[in-house]
Every structure is written in C-alpha cells, then in structure tokens.
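Undergrad: Numbering (UniProt numbering), first residue to last: 1 to 344. Backbone N, C-alpha and C fix where the C-beta goes; we use that ideal spot for every residue, glycine too. Pasting in a structure now, in structure tokens, and then I'll have a few things to ask.
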C-alpha cells in the first residue's frame, strides 16, 4: 500500500461512513431497550456512540464537507430513534438513578436537539444525594460531569480534581500501559477536550507525557491487531494542544487502512488466527458481524475527521459549533451502566 497522506486518511473516513450509512438499521432501538433484562450494550450503547461520533465529526468538519453531511444525516436518524427525546422520559421513569440515559441524551443536547421535559426530570434527580453520591470510577465521573453540563445541570466544576485521580492524570510508569488503561486514557482526553474540540483542555504535563509515550503505545496496539483502541489513540494524538505530525503516524494510518474492509467496516481486532490469503497480504479477511466492528468503524471515522481538521489547521470557529467510545453497560439502575460510558 502507498504511504498514507491526507487524501488516503479521508478515504478511510469516507469508507467508514459508507458502512455506517448502509448499516443504520442495525443501530435502531427495539422494545428490548426497555425490558427489565435488556442489554444496554446492544441497544442504547451503539446508538449513543453513533450519535457522539456524528456530532463530533459535524463539529470538526465544515458544513460544505460531504462527510459533514453524512454525519448530520446519521445524527438525525439517531435522534428520531429516541422519539425526538421522548424515550428518555420513559427511561427516566424506569431507571431514575441510571446515568446512561443522561450521557446519551447529552450528546443530542450538545447538537441543539433537546427535550425540556426530560431535562427537568433529570435535573430533579441530579439534586438528590443518591445521585451525587453514586460511586463511580474517576474516568466515568468525568463523563457524567460532562453530560450534566451539556444537559443544563450546573454544579461546581470538579473536573480538574477528578482528572488527577485517573490513570492518565497520575502520569503512571509508561510500561504499566495495557488495554484497560488505554481505553481509560482515551476517554479522559475525550472528556477534557470535549471530544477534540478544545485541545487546550489537556494540562501541559499530561500533554507532554502523551506526546512522548503515545507513539510507542500505539505501535504496541497495532502490533497486537487492536484496531479499535488504535483508532481511539489516533483520536487522542489529534486532540492534543500541538497538532499531530503526519510523518509520525503515517505508518499507523497505513495499517488501519489495510485492516479496513472494502465495505468500510473496520474489525475491532485482528482474528487470533488470521485467515488472510498469503498471496494477498492486504486482504483483511472475512467481515465480522455488526457488534464486532461497529465501534471500531465509528472510531475510524472519528479519527479521520479529527486528524483532517488538525492537519488542515482549522479550528472549531471554522466549522459548525457543537459537541466514536468504548462503553459497557451492565446491570440495572446504579450498576447497569458500567465501564467508561457512552462517549459524551
């Protein structure tokens, strides 16, 4: 494959959006999104991540960009799936102390798509001690604080203190990096930069630490075939105060492009036993099912858009104002929503 340039990075993003558009029906909500034993990981999580990625891409690219139009179309689809916000009211009644409805809703609120009734109900719950004292890991706490602000719930900002309680904020020994800490650090950067819109939100010492170690961590993930986390790390690289050096990350983009299917789908990981044709080393093998490639495909689209914006030198003042992540929602009420949360 030829060396990756800006045009080739755009092709990765365009192909990812082509796949997302073709598979929009797989993001649709079914009645299982409201059942007592429903799996949020396969209902609200994919829809929330679709909305967050599309909202982010819209904010990073000019309205004249075809990718902006595609992202806007998918964001409208996601909003319609929520009954234009009405389904959040239903979730509020079912699980008043769960945070994932507010996290998903806040993505739409950042795009100017709001439901006053839900916001009023969520604000009432947020005033309770039960809500404020829910125990959360620091990375998740950053996401909830961001969701509250986006949704009009205001309280003293504790983000700076919470940041220092995260793995990344503590500037740990670089050799302690692993999958879980990798996903945690990407979400910390997503939250403090408002999904790449405000690179200055990364403290100077954290930015310097990432600039030094991120290339090595990215190479480790690429060598392991961890395409999903690799794309998230590429987003981080393009979200730091200093724009990314294309020469530093050119090889990473080449490997992501090679792993991407012609359809635009990007597998979450390389298969344990790679079934590629040895005579065609650029063949990514059989396309995985929706649940094993939708998030990594979202992150490929997001990483491409964020990288294109930073390499062009554009700022968010040049694009449309507004607000792809890795999440896990397990259990009900307080425990139903685990992991790093809907990107938001």
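From this set, 93, 151, 98, which residue's C-alpha is nearest residue 114's C-alpha?
TA: 151
Undergrad: For a quick check, are the C-beta atoms of residue 20 and residue 74 less than 8 Å apart?
TA: At a Cβ-Cβ threshold of 8 Å, residue 20 and residue 74 count as neighbours.
Undergrad: Is the beta carbon of residue 252 less than 8 Å from the beta carbon of residue 230?
TA: yes
Undergrad: What's the call for residue 187, buried or exposed, on a 16-neighbour Cβ count within 10 Å?
TA: With 16 or more other Cβ atoms within 10 Å, it is buried.
Undergrad: I need the DSSP call for residue 293, collapsed to helix, strand or coil.
TA: coil
Undergrad: In chain order, what residues of the same chain lie with their CB nearer than 7 Å to the CB of residue 237, ignoring the 5 residues before and after it?
TA: 214, 244, 249.
Undergrad: Use the C-beta contact count for residue 158: other C-beta atoms within 10 angstroms, 16 or more gives buried, fewer gives exposed.
TA: exposed
Undergrad: Hey, how far is the Cα of residue 366 from the Cα of residue 196?
TA: No information on residue 366 is available, as it lies outside the stretch 1 to 344 that the chain covers here.
Undergrad: Can you tell me whether DSSP reads residue 195 as helix, strand or coil?
TA: coil
Undergrad: Within the continuous alpha helix (DSSP H) that includes residue 401, where are the two ends?
TA: The question about residue 401 has no answer here: the residues shown for the chain are numbered 1 through 344.
Undergrad: Nearest to residue 85 by CA position, among 116, 52, 162, 295, is which residue?
TA: Closest by alpha carbon: 116.
Undergrad: For residue 79, which residues from the same chain have a beta carbon less than 7 Å from its beta carbon, with the 5 sequence-adjacent residues on both sides left out?
TA: 108, 113
Undergrad: Identify which residue in 242, 153, 89, 228 has its Cα closest to the Cα of residue 201.
TA: 242
Undergrad: Under a Cβ-count criterion, where at least 16 other Cβ atoms within 10 Å of its own Cβ denotes burial, should residue 25 be classed as buried or exposed?
TA: Per the 10 Å Cβ criterion, exposed.
Undergrad: For the ligand SAM, is there a heavy atom less than 7 Å away from the beta-carbon of residue 80?
TA: In terms of ligand content, the structure shown is empty, and the ligand SAM therefore cannot be addressed.
Undergrad: By the three-class DSSP mapping on this structure, what secondary structure does residue 165 have?
TA: Shown here, residue 165 sits in coil according to DSSP, grouped into three states, outside any helix or strand.
Undergrad: In chain order, what residues of the same chain lie with their CB nearer than 7 Å to the CB of residue 262, ignoring the 5 residues before and after it?
TA: So no residue of the chain qualifies.
Undergrad: Mind checking which residues open and close the alpha helix (DSSP H) that includes residue 53?
TA: 44-60
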